Structure formats: structure tokens, C-alpha cells
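**Student:**
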Amino acid sequence: MWPLTQIETKKQIKDKSLLFWTLLLPIVTIIILIELFSGNSGQKTLVASQSITGMSVFFSTFVIISIVISFVKDREKGMVARLASTPLKTYSFFLGKCIPFFIIIVLQILFLTAIGVYLYDIYITDYASYLIVTLFISVWLTSWGVAIALYAKTENTGLVMTNIIALVTAVTCGLWTPFEQLPSYLQTIGVILPQYWAHQGLVQFVSTLPGGENLGIVALVLIGYSVLGFALSLAGYRHFIRMARS
Amino acid sequence: MLQVEKVSKSYGTNRALNNVSLTIPKGTCYGLIGPNGSGKSTLIKIISGIIRSYEGGIKYVGGVKGTLGYVPQDISLEEKLTARTNLEFFGQIHGLRGSTLKKKAEQILKDIGLLDRAGGIVESFSGGMKRRLNIGCALMHNPELIILDEPTVGVDPQSRHYIFNIVNKLKKQGKTIIYVSHYMEEIENLCDYVAFMDKGNIVEEGEIKELLNRYANTAVYFEAENPTKLLSKGNFTFTPYKTGVIIQTNDPLKTFTELVQLSRDHQFIPEQLSLFKPRLEDVFFQLTGTDLRDQSEKGE
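Chains E and A are the protein sequences, given in the same order.
Quick note on this note's numbering: the first sequence kicks off at -14 and runs consecutively.
Quick note on this note's numbering: the second sequence kicks off at 11 and runs consecutively.
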């Protein structure tokens, strides 16, 4: 499993598009949002808190694209079939490929948060709890990424699905604008989606932002959505393996 | 020894393999020939453990199982990474670590002629170099059974030469090799045994020398301008072949001498006169009534 994790990590580090989606674009977007919506320096921290927590959840969704591309490429170029002729177990293959993406999401959220803390004076009330929410977000997104990857016929499927998920949930879950300011019908839709809980889980531990949801409930919801993602992956993995090997 | 016993495999209603049985002796190079869709790839995927759901059985006798190196027809490499990283990855998958891994990667890079490009990104390699690396990755763990699926498709002469050298070296080391190819001449030059596949069946198999003898139409090849003019003067049965004719005979040497005499008598100078040596292509033609190359081109 670890050789696969290592090689996947090396591959992702070399992938410039991943760097763009996970770091460059979020940083630029956050800076633009802060400059556009903060009238004075007092508001800057408030806007930064909303932008950084919202954009952390929004942009971490885009890692799904990289997960789909990685799995589909491995299937199409015969790597999955080739590895099936080696002692590598099927579960090791999936785990080995997932671990780097899990780490990428965690690092991405922590890096964006660090920008908020050091440049915009965001105050995190409980770093350990903030990290726990981050870990849950990462597990949930990785499980969804794998689920989509296993059903995707082409890399484009991943692109389209991810964009739909990211944009719809950004609007309905208050990732771009404060949730309280959304129309009530959007709020009703938002609370059933994991992005809302992920965002509110982070907000809970940022002192400058009002609102937030209890860590226990956030964890429960994100675990639930992760279980859904893994269940879908489990249902789809036979189909994926069959396609890869035939 | 590897025994394939009555193996069948269907994809929906399409029967890809139909009761296929083979015996591959240890330490030999075994060629598999057949047109596209004949079931070759399915068979080698079953042997290499990639396809696990099938009827029949695969028996490994003499410690072949567990040390298998599969070289797929596709270039299955991490193209954004270096040649060395790719080799080391496959070595690690098979449990190699530390200095053993480094030394083995070095040795394989030398064997496949890519030592000077060890740190090069695979993406920038030519098709032939990628094919060589594709083979190298399957050899990192020193397997006893090596399965090569169309290893020379689309490669330049230099890489083809390297690949043949690798196969010959493996043969000398006593490895068991299954070599799948469309190119009859490759199988004829490299392999000891051959199996012809068509429509999911083995239509013939055996030692190449023995097969060539069994299917050889003892004949003489005669090429000249208007050969019928001369041949009609004798009692010959002949059929057109390439740019000349094949004269069927039970005693090729006698026929050869008769043709020399006849040519002398009529002051006729043939462009070519030789004892006809049958090729695997001719055997395949006799077995299936079709030319493999034509079938493959249609399939492609």
C-alpha cells in the first residue's frame, strides 16, 4: 500500500493543476473577496473569517476532480490491471490511492486557515476541534471522490460532477455569503447538505464569526455522508475492477 | 511447468475462450499467435491472475506461481515520473527495499538500455523506450514466469533489437516466457513452442520445429519470368506463391535437380530456385484458411 501512496503523492506534487485548484485560486479568491467586501480594517477580519472558512470547504471539493482523473487514468492505461497481477491487494490499492488526497485536503484547509490567522487576525478558539472538523471534511470528500471515480466513464464526468456539486452547494450552504443572509428556501436545502455542516463546523471555532454548529452533530453528519460515500464506492468497485481488467 | 486446463471464459453471450488447454514447459519460450479477438489477451490475463472469474483451471508446477511478471500491451507506467521511480515502484510492490531495490533498478536500467535516461521523465521518452521500460518494470522482482503481450507493437528497430536481446537473455537464465505477438517471424525466431488461437480456441500447438515439419508441404520455390513456359514441359504440380510458384513434391531434392536439368536443357535462367522452407505464416494459413496479417489489419 505504501509504495502506491508514495507514487501517488509524487504524481500529485508534480501536477500543476492541483496546485492551482487547491492553493493559488483559493488564495487569490480569498484576497479579492476580502478587498471587495471589507470597508475598514475592523471588517477585514470578519470578512476574512467568512471567506476562509467558506472557501476552504468550497475549494476542497475540487480535489474530487484529481481523484477522478487519477482513478480513470489508472483504469484506462492498464495500471489497475497490471497491479492486479502483483501481490498488491485490492483494498491496498484503494487505500494507497486515497491517503494522498486525504492529506492534500487537510493541508489545504490548514494552509488557508493559517493565512487567515497570520494575515487577517482570525482567532481560532480550539485548534484541536478545528483540526478534527478538518479531518472529517477530508474523509467525507475523499469518500465522495472515490465514489464518483468508480462510476465515472471518463475524466470529464469527474469535472462536470465536481463543478455541479461545488457550485450548487456553494450557493445553498452559505460558502460564498453568510448563511443567515440566504433566502429561507435556500437555507432549507442547505441544511441537508454536508457542505453546510462542514462550514458550520469550522465556523464554530472561529471567534469572529457568529453561528456555527455543535461539533458532535457536525461529526455525526459528516461521518454519515462519509459512510454514504464509502457505501457507494463499495457498490461501484466491482464494476470498476471488472472494467479495468477486461 | 504451467498447465492450462479446459479454461473457458464468456463476456455476456460472447465466448472469448472455449475449453482451452495448454502445457507450457518450464524454462521455455512459448508463443501465442492469433488475430484480434481470438482470445489471446483473455487467456494471458487469466494466467497472470488479472481475470479471476473463469471456468477450468490453471496449475503451476515447480514453483512458478508467485513470481510472475506481466508486461501489458498498454504502456502502463507513471509517465509524469522518472524511469528509475517507475522501476523502484514496481520493485517495492514486490517487497524490494533499500540497497537491493536500488541495485536491481540499476541492473534493469542497464539491461533495457536506459541507464543514461534513468532520471528522465517517461513522458519525454520515445514509444520504444517506453516499451522497454514497460518490460523492465515486470522484471524488477526477478520473476520465473514472464508474460509479454505484444511487446514490440509500434517500436523502432533499435528498441525491437533491445527487446529481443532481453528475451534471449531471459531464455538463457532459464525463465519461462509466454510471448504474445502478431508477428510470426518474432515468434519463429524467439520461441520454442507455439499455440495458434482462433475464435477462442487453440487450433494447433506444439514445438515450432515439429510443427513446421508436420505442416511443411515439401516443395521447391521457383521464380522466373513466365515460369509456366518451362514448367509445362515437365510433370509438375504448382501454385502461385509471392512473386514465383511453389512446386509440390514428395522428394524436393529430386524435383530441384529435375528443374536444374530442365532449365539447362531449355537454356532457361531462373531468377530464384530453392528448396521451400515453410514459415509459421504458412502453417496458420493451412489451419485457418486465412492470413493472420489480413485478419489483424481488419481487426485493427
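Even glycine gets a Cβ: it sits at the ideal position worked out from N, Cα and C.
It should be emphasised that the depicted structure is a prediction, and the values quoted were computed from it without experimental measurement.
(1) Just to confirm before moving on: does the CB-CB distance between A/Val150 and A/Leu97 stay below 8 Å?
(2) In this structure, how does DSSP classify A/Thr33 when only helix, strand and coil are distinguished?
(3) Scan the region 48 to 68 of chain A for residues whose Cβ lies nearer than 7 Å to a Cβ of chain E and list them as they occur along the chain.
(4) Could you please give the first and the last residue of the uninterrupted beta strand (DSSP E) stretch that includes A/Val204?
(5) Does any residue of chain E bring its CB to less than 8 Å from the CB of A/Glu307?
(6) Looking at chain A, which residues of the region 72 to 93 of chain E have a Cβ within less than 9 Å of any of its Cβ atoms?
(7) Report the rounded CA-to-CA distance for E/Lys58 versus A/Ile85, giving the unit in angstroms.
(8) Taking only beta-carbon positions, decide if E/Ile12 is within less than 8 Å of chain A.
(9) Between the C-alpha atoms of A/Pro82 and A/Asp159, what's the straight-line distance to the nearest angstrom?
(10) Suppose you measure from the CA of E/Thr147 to the CA of E/Ser123; what does that come to, to the nearest Å?
(11) From E/Ile49 to E/Leu167, what does the alpha carbon distance come to, in whole angstroms?
(12) Would you mind working out which of A/Thr77, A/Asn28, A/Phe294 sits nearest A/His104, comparing C-alpha positions?
(13) Quick check on DSSP: helix, strand or coil for A/Leu285?
(14) Are the C-beta atoms of E/Pro179 and some chain A residue less than 8 Å apart?
(15) Answer yes or no: do E/Tyr115 and E/Ser192 have a C-beta to C-beta separation smaller than 8 Å?
(16) Using beta-carbon positions only, say whether E/Val203 and E/Val118 come within less than 8 Å of one another.
(17) At the 8 Å Cβ level, is A/Tyr225 part of the contact set with chain E, yes or no?
(18) A/Ser18 to E/His224, Cα distance in whole Å?
(19) For E/Lys29, which residues of its own chain have a beta-carbon under 7 Å away from its beta-carbon, when the five flanking residues on both sides are left out?
(20) According to DSSP, is E/Lys(-4) helix, strand or coil?
(21) List, in order along the chain, the chain A residues whose C-beta lies closer than 7 Å to that of E/Gly63?
(22) Distance, Cα to Cα, A/Gly254 vs A/Lys182?
(23) Whole angstroms is fine: what's the gap from A/Pro161's alpha carbon to A/Tyr40's?
(24) Who are the neighbours of A/Leu91 on chain E, taking C-beta pairs under 8 Å?
(25) So, helix, strand or coil for E/Cys158, using DSSP?
(26) Quick check: is the beta carbon of E/Ser231 nearer than 8 Å to any beta carbon in chain A?
(27) Are the C-beta of A/Ile34 and some C-beta of chain E separated by less than 8 Å?
(28) Are at least three pairs of beta-carbons, each pair with one atom in the region 74 to 87 of chain E and one in the region -7 to 6 of chain E, less than 8 Å apart?
(29) Spell out whether any CB of chain A is found under 8 Å from the CB atom of E/Ala134.
(30) List, from N- to C-terminal side, the beta strand (DSSP E) runs of 3 residues or more that fit wholly inside the region 218 to 268 of chain A.
(31) Would you say E/Gly221 and E/Leu135 are within 8 Å of each other, going by their C-beta atoms?
(32) Give, in chain order, every residue of the region 40 to 69 of chain E whose Cβ lies closer than 8 Å to some Cβ of chain A.
(33) Name the chain A residues whose beta carbon is nearer than 9 Å to that of E/Pro(-12)?
(34) Closest to E/Phe44 by C-alpha separation, out of E/Leu126, E/Val206, E/Ala33, would be which residue?
(35) With distance defined between alpha-carbon atoms, name the residue in A/Glu65, A/Leu91, A/Leu269, A/Pro45 nearest to A/Phe278.
(36) Are the CB atoms of A/Ile68 and A/Ile60 nearer to each other than 8 Å?
**Tutor:** Taking the structure as given:
(1) The sequence shown places Met at residue 150 of chain A, rather than the Val named in the question. Cβ distance < 8 Å, so A/Met150 and A/Leu97 count as in contact.
(2) In the three-state reduction of the DSSP assignment, A/Thr33 falls in the strand class.
(3) Those residues of the region 48 to 68 of chain A placed with their C-beta closer than 7 Å to a C-beta in chain E are Lys55, Ser58, Gly59, Ile60, Ile61, ordered along the chain.
(4) Boundaries of the beta strand (DSSP E) around A/Val204: 203 to 208.
(5) The pLDDT assigned to A/Glu307 is 47, lower than 50, so where the model puts this residue is not dependable, and the model offers no usable value.
(6) Look at the region 72 to 93 of chain E: the residues with a C-beta under 9 Å from a C-beta of chain A are Pro72, Leu73.
(7) About 12 Å.
(8) False, the Cβ-Cβ gap to chain A never drops below 8 Å.
(9) Cα-Cα distance, rounded: 5 Å.
(10) So the alpha carbons of these two residues sit roughly 15 Å apart.
(11) Distance between the alpha carbons of E/Ile49 and E/Leu167 is about 26 Å.
(12) Taking each of A/Thr77, A/Asn28, A/Phe294 in turn and checking the Cα distance to A/His104, the smallest one comes out for A/Thr77.
(13) Secondary structure of A/Leu285 (DSSP, three-state): strand.
(14) Output row for E/Pro179: interface = no.
(15) No, the pair does not count as a contact, with Cβ atoms beyond the cut-off.
(16) Yes; because the gap between Cβ atoms is below 8 Å, this pair is in contact.
(17) It does not; no Cβ of chain E falls within 8 Å.
(18) A/Ser18 and E/His224: Cα-Cα distance of roughly 21 Å.
(19) If the five residues before and after E/Lys29 are omitted, its C-beta is found closer than 7 Å to the C-beta atoms of Ile19, Ser23, Tyr105, all from its own chain and listed in chain order.
(20) E/Lys(-4) falls in the helix class under three-state DSSP.
(21) Here the neighbours are Pro82, Asp84, Ser86.
(22) Going from the Cα of A/Gly254 to the Cα of A/Lys182 covers about 39 Å.
(23) Looking at the two C-alpha atoms, the distance is approximately 14 Å.
(24) Neighbours of A/Leu91 across chain E, judged by C-beta separation under 8 Å: Ile(-8), Lys(-5), Lys(-4), Lys(-1).
(25) In this structure, E/Cys158 counts as coil in the three-state DSSP scheme.
(26) Interface with chain A (8 Å Cβ-Cβ cutoff): E/Ser231 is included.
(27) False, the Cβ-Cβ gap to chain E never drops below 8 Å.
(28) As far as the Cβ criterion goes, the region 74 to 87 of chain E touches the region -7 to 6 of chain E, which means the pair count is three or higher.
(29) No - not a single Cβ of chain A is within 8 Å of the one on E/Ala134.
(30) The region 218 to 268 of chain A contains, as complete beta strand (DSSP E) runs of 3+ residues, the segments 229 to 233, 247 to 251, 254 to 258 (chain order).
(31) Going by C-beta atoms, E/Gly221 is nearer than 8 Å to E/Leu135.
(32) The region 40 to 69 of chain E vs chain A, Cβ under 8 Å: Lys62, Gly63, Met64, Ala66, Arg67, Leu68, Ala69.
(33) Ordered by position in chain A, the residues that pass the 9 Å Cβ test against E/Pro(-12) are Glu98, Phe99, Phe100, Gly101, Gln102, Ile103.
(34) Closest option to E/Phe44, Cα to Cα, is E/Leu126.
(35) Looking at A/Glu65, A/Leu91, A/Leu269, A/Pro45, the one whose alpha-carbon comes closest to that of A/Phe278 is A/Leu269.
(36) Contact flag unset, no.
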